[in-house]
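Residues in the sequence shown are numbered from 1 upward in steps of one, following UniProt numbering. Ideal placement from N, C-alpha and C gives every residue a C-beta, glycine not left out.
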Amino acid sequence: MAFFTHQVIRGLSSSAVRNAAIKHVTIIGGGQMGAGIAQVAATTGHSVVLVDTNEEILNKSAKGIEGSLKRVVKKKFADKPEAGAEFIAKVMANVSISTDAVSVVGSTDLVLEAIVENLKIKQGLFGALDKVAPAHTIFASNTSSLPITDIASSTSRLDRFGGLHFFNPVPMMKLVEVIGTSATSQETFDSLLAFSKALGKTPVSCKDTPGFIVNRLLVPYMMEAIRLHERGHGSKEDIDIAMKLGAGYPMGPFELLDYVGLDTAKFIIDGWVEKDPDNPLMQPSEMLNKLVADGKFGKKTGEGFYKYK
């Protein structure tokens, strides 16, 4: 009887249930992106559980969130140290950590994944959580390059699955790309839009197309900058200066590539080439491939197109 009742509850999918405000969020992945999303959600009054398989990473993430909040306090509560301390305590009280995703999703409204960009791993995660999460729970991925449809295929809640693509650093970047697949219900999509706005972000709607909006335009731009340099038509320094002063960009394409990570850029373009090998905008670069093969990923390794001390 208990099993039958559970199945009936999981089968409920009324608009009233799905349109309920997202209050409890489970974020899978304690890295920079996951911690940043957790901070923003906790700051806006959401109950957050940050999950990772490594407790050391989670403790580091929690300290990082607290450190980031202290920087906020220095600006907003400069003359009110007690109010600042109260603010930090209030936000941190909204955050808990866990190494067991299955055990914490039973009461969550949203499961948001921000783990490694590996389709099989993401599918395995969501496939397991789909069996234990409540019927109303929405699943979302923060992927920047993998098709949401492919990730969602491991679950039975295709109508309650979408994408929430945040940008780094999450507390500072205002944009969130809200991605809907052909199976995502309007109720789910509206809930994801509302959640993004509740975080103080500006959401944009887009379909489940490679790179969504920003990366679909940004990655080909960066790749063409590399090709321009490979052809000897401009130094990386001059190309960066030209785009900053001529187009008003805060960073040139090579500076941005180093900031994003050359390994990340290569991963994205390789995935696109596999999907659409004849598209001239999505062709790989020998120069980029060699830098990645040499372990020169950009700022995080101390060297990419530029060297960093």
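From the options, residue whose alpha carbon lies closest to that of residue i
i: V95; options: T137, G45 and N118; result: G45
i: L257; options: G246, I269, A247 and P203; result: I269
i: F254; options: D238, A293, G200 and K80; result: D238
i: T184; options: F87, T301, V104 and R160; result: R160
i: Q283; options: K266, H233 and L291; result: K266
i: H24; options: M33, N59, D109 and K60; result: D109
i: L218; options: I151, M243 and H136; result: M243
i: H136; options: L158, A128, E177 and N118; result: L158
i: E230; options: E303, S285 and K300; result: S285
i: T181; options: A21, M251 and S141; result: S141
i: Y249; options: K275, G234 and M222; result: M222
i: S144; options: G232, A128 and E113; result: E113
i: G271; options: L245, K290 and N215; result: N215
i: K275; options: P210, D294, D263 and H233; result: P210
i: K299; options: I151, V292, Y308 and V273; result: Y308
i: G200; options: R227, Q186, M172 and I226; result: M172
i: K174; options: A21, E187, I151 and A198; result: A198
i: A21; options: E187, S61 and K60; result: E187
i: K290; options: P277, S107, D263 and D278; result: D263
i: residue 310; options: V292, E117 and S61; result: Nothing can be reported for residue 310: it is not among the residues displayed for the chain, which extend from 1 to 309.
Beta-carbon separation (whole angstroms), residue i vs residue j, contact threshold 8 Å
i: P220; j: L281; result: 4 Å
i: N168; j: G36; result: 7 Å
i: I65; j: A83; result: Between A83 and I65 the Cβ distance is about 19 Å, and since that is not below 8 Å, they are no contact.
i: V170; j: V51; result: No, V170 and V51 are not in contact; Cβ-Cβ is about 17 Å, not under 8 Å.
i: S196; j: L164; result: 7 Å
i: D130; j: S156; result: 6 Å
i: K166; j: M33; result: The sequence shown places Phe at residue 166, not Lys. Going by Cβ atoms, the distance from F166 to M33 rounds to 6 Å, so yes, they are a contact pair.
Identified DSSP bridge partners for residue i
i: L110; result: V25 and I138
i: E303; result: G298 and K307
i: I47; result: For the sequence presented, residue 47 should be read as Ser rather than Ile. For S47, which the question treats as bridged, DSSP gives the partners H24.
i: T202; result: L175
i: I213; result: In the DSSP output, where bridge partners are listed per residue, I213 has none listed.
i: H165; result: E177
i: I97; result: L50
i: K207; result: G180
Within 7 Å, strictly: CB atoms of residue i and residue j
i: I28; j: I115; result: yes
i: F212; j: I179; result: yes
i: D208; j: I148; result: yes
i: V105; j: A133; result: yes
i: E177; j: C206; result: yes
i: S154; j: F189; result: no
i: F297; j: K236; result: no
i: V48; j: A42; result: yes
i: L58; j: G30; result: yes
i: residue 310; j: V111; result: Within the shown structure, residues of the chain are numbered from 1 to 309, placing residue 310 beyond reach of any answer.
i: G162; j: L192; result: yes
Closer than 6 Å: residue i CB and nearest the ligand COA heavy atom
i: H229; result: Questions concerning the ligand COA fall outside what the structure shown contains, since it holds no ligand whatsoever.
7 Å Cβ cutoff, residue i in contact with chain C
i: S205; result: Reference to chain C is not applicable here, since this structure consists of a single protein chain.
Taking 8 Å as the threshold, find out whether the stretch 75-88 comes into contact with the stretch 118-125 through three or more Cβ pairs. no
Would you call the stretch 56-70 and the stretch 82-94 touching, i.e. three or more CB-CB distances under 8 Å? yes
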